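Residue numbers (the UniProt record's numbering): 1 to 166.
Data first, discussion second: the structure below is written as structure tokens.
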């Protein structure tokens, strides 16, 4: 039943395909890394001799575990890290704006909108309006501010306007 609902909602299906591709690429990279480490162990066995094989395997497995943990850490992106990225990011701003990036990230409504977009990439405007409990005009104002400063991006997907983090 959930799969049928997933297939009927096009923005959700697009997001599902994105995460599926991301998962497959992560698994593929881990398989490639394992093959490389296996080849390295076999080549080092000839070089060092059979006595040091256990030590080498422990070191290489430790490196593999560290790389997996490092990849996992980079997958998680919090609002604070996202904010820090945009404060340090140089960009050319079109038009005049009296808001600084610090002002943008201090507004509760914009932070709530940004959290919703980060937690649900590909969320559409009506769902944002419901989740953030804002009027349409208020939501549009805050979305325009975030779009103008290139903190989020929007795409038209059929009749929906969907929003993604950059």
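Where a beta carbon is used, it is the ideal one built from N, C-alpha and C, also for glycine.
Note that the structure is predicted; figures quoted are calculated from it, not measured.
| query | result |
| --- | --- |
| Nearest-angstrom Cβ-Cβ length linking residue 37 and residue 64, presumed shorter than 8 Å | 6 Å |
| CB contact flag (residue 147, residue 139, <8 Å) | no |
| Where the beta strand (DSSP E) through residue 152 begins and ends | 152–157 |
| Other residues of its chain near residue 164: CB distance less than 8 Å, five sequence neighbours each side excluded | 117, 121, 122, 152, 153, 154, 155 |
| Close beta carbons around residue 99, own chain, < 7 Å, minus the five adjacent residues each side | 145 |
| CB-CB length for residue 40 against residue 67, believed under 8 Å | Residue 40 to residue 67, Cβ: 13 Å. No contact. |
| Continuous beta strand (DSSP E) stretch holding residue 162: start and end | 160–165 |
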